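Numbering (my numbering), first residue to last: 62 to 176.
Note that beta-carbon positions come from the ideal geometry of N, C-alpha and C, so glycine has one too.
Here the structure is a predicted model, which means the values were calculated and not measured.
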């Protein structure tokens, strides 16, 4: 769920009965699975139809990422990890490939935009 800050419960989760709470929101997300807002990236990634994509990713995870992704215990934790910006989100080590959509859960890195 994604909600307004005022609708957060003490445990950090959204009050699902609040009018601002929405599940599987993909606002700001592009077709390639890259989003401009981290919370929407995680929310969109949690859609049940994204699970096969995430399983393929886990099966192909490079050894360098193995330590990070073997600690993942569920779909939510995997989406949290996938949506964090990574080296795949940057070019020349210091600029985002796509500054507007840098949080990605998809199989491909963000589209490379001219600087």
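Assignment of residue 87 by DSSP, reduced to helix, strand and coil, places it in the coil class. Residue 99 sits in a helix when the DSSP states are folded into three classes. Taking the C-beta atoms as reference points, residue 120 is found no nearer than 7 angstroms to residue 167.
For residue 158, the number of other beta carbons within 10 angstroms of its own is at least 16, and it is reported as buried. Within the same chain, Cβ atoms closer than 7 angstroms to the Cβ of residue 141 are found at 103, the five residues on either side in sequence being excluded. Residue pairing for residue 69: DSSP places it in a beta bridge opposite 75. As computed with DSSP, residue 63 is found in a beta bridge with 83.
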